[in-house]
Ligand code: NAD
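In this note's numbering, the protein residues as written are 38 to 323.
Encoded structure:
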């Protein structure tokens, strides 16, 4: 079953052959990586074809299933990402911004579709992703859950409906290990609110407050970050006016919701033309 990506060399078929998408997971030893291995292994129409983790990872050769807490799957952890991109129709990447930059280049080299869940990607990387997406199908989403992607649409709509008498604040809480702040999802919610209100988030966001800050500037979008425990991810967008307040909240109870969304995105890539896609495309929310 041809996939519609640019052919690898002279090979114009091979993606999703026999109705099965060969899916790879880079960062397979991580919190999300292990969850992704489980979800790919369980998904109809998907075959876990190859996995790897960071260079020098001590678990090279270990069985991916065992690493994820499953029965052996017969898929050993590869020594590097090249083998993963060479073997797969689509690769799922929940790693670090540095690793994701390398993986995007490999995806283009091998004409492999790529699903990026990594957050904290630098703004400068956006231009590189746009170039990559002219060669491959690329799905990028700071949050792969159905609920948060619905929330993005709701936030944009509420922000479009209300005027500046409603102050917009985005509050998020994550587990103690998270390294970037505000979360990619909080920023996406801020962008959705800014889009609804017709303003540029870059010019109107207040990312932290400390000391004598002065009164709140009307029209700004504020962010507040909490870290602690094993919280998977809570996000609330608050629209606060005099005497009334709307709060839109999503709470993730388990990483499985992100992994399921990522696998859905990977399967959705089958037959897609090169392009930069979001979860709204994958979930048909546009
Ligand atoms: P983690 O630290 O548990 O896992 C990251 C894994 O990537 C580790 O196993 C690490 O060794 C591996 N890695 C690092 N460099 C690598 C390289 N060069 N090649 C291959 N593997 C490499 O982190 P996590 O909690 O699994 O989160 C990973 C990323 O996913 C973070 O950016 C997080 O914010 C993001 N995330 C996104 C969503 C979403 O829905 N988009 C959901 C949860 C987490």
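All residues carry an ideal CB built from backbone N, CA and C; glycine is no exception.
Opposing strand residues paired with residue i [DSSP bridges]
i: residue 92; result: Bridge partners of residue 92: none, in fact.
i: residue 30; result: Here the chain comprises residues numbered 38 to 323, so residue 30 is not present and cannot be evaluated.
i: residue 258; result: 205, 242
i: residue 272; result: 209, 287
i: residue 61; result: 87, 128
i: residue 153; result: 130, 177
i: residue 264; result: 211
i: residue 312; result: 174
i: residue 281; result: 278
Rounded Cβ spacing between residue i and residue j (contact assumed at less than 8 Å)
i: residue 221; j: residue 180; result: 7 Å
i: residue 268; j: residue 83; result: Rounded, the Cβ-Cβ distance is 29 Å, inconsistent with contact.
i: residue 322; j: residue 190; result: 6 Å
i: residue 303; j: residue 182; result: 15 Å between Cβ atoms; not a contact.
i: residue 61; j: residue 124; result: 7 Å
i: residue 319; j: residue 176; result: 6 Å
i: residue 86; j: residue 59; result: 4 Å
i: residue 73; j: residue 122; result: 16 Å between Cβ atoms; not a contact.
i: residue 209; j: residue 225; result: Their Cβ separation, rounded to whole angstroms, is 11 Å, which puts residue 209 and residue 225 out of contact at 8 Å.
i: residue 306; j: residue 174; result: 5 Å
i: residue 157; j: residue 217; result: 3 Å
i: residue 215; j: residue 253; result: Contact doesn't hold; Cβ gap of about 26 Å is too wide.
Same chain, Cβ closer than 7 Å to residue i, five either side skipped, listed in chain order
i: residue 235; result: none
i: residue 237; result: 231
i: residue 324; result: Within the shown structure, residues of the chain are numbered from 38 to 323, placing residue 324 beyond reach of any answer.
i: residue 141; result: 151, 165, 166, 169
i: residue 133; result: 155
i: residue 78; result: 85, 102, 107, 110
i: residue 279; result: none
i: residue 117; result: 89, 92
i: residue 201; result: 255, 256
i: residue 388; result: In this structure the chain extends from 38 to 323, so residue 388 is not present and cannot be described.
i: residue 199; result: 276
Proximal residues to residue i (C-beta, below 6 Å), its chain only, five neighbours per side dropped
i: residue 51; result: Any answer about residue 51 is weak, because its pLDDT of 42 lies below 50 and its placement is not dependable; what the coordinates show is given next. For residue 51, where only same-chain residues beyond five positions count, there are no Cβ hits under 6 Å.
i: residue 233; result: 193, 196, 197
i: residue 243; result: 257, 259
i: residue 99; result: 114
i: residue 212; result: 267, 268
i: residue 149; result: 122, 125, 128
i: residue 229; result: 189, 192, 193
Proximal residues to residue i (C-beta, below 8 Å), its chain only, five neighbours per side dropped
i: residue 57; result: 82, 83, 84
i: residue 138; result: 162, 165
i: residue 159; result: 134
i: residue 22; result: Outside the modelled stretch of the chain, which goes from 38 to 323, sits residue 22, for which no answer is possible.
i: residue 94; result: 66, 114
i: residue 96; result: 66, 90, 104, 114
i: residue 296; result: 69, 72, 73, 75, 76, 181
Residue-chain proximity (residue i, chain B), Cβ-Cβ < 9 Å
i: residue 235; result: Given the protein chain composition of this structure (a single chain), no chain B is represented.
*Would the stretch 145-153 and the stretch 165-175 be scored as touching if the rule is three or more Cβ pairs under 8 Å?*
Contact between the stretch 145-153 and the stretch 165-175 is present, because at least three Cβ pairs lie under 8 Å.
_Stretch-stretch touch, CB-based, cutoff 8 Å, three pairs: the stretch 248-259 with the stretch 200-216_ = Contact holds: three or more Cβ-Cβ distances are below 8 Å.
*Just checking, does the stretch 89-101 make contact with the stretch 305-312 on the three C-beta pairs under 8 Å criterion?*
No, the stretch 89-101 does not touch the stretch 305-312.
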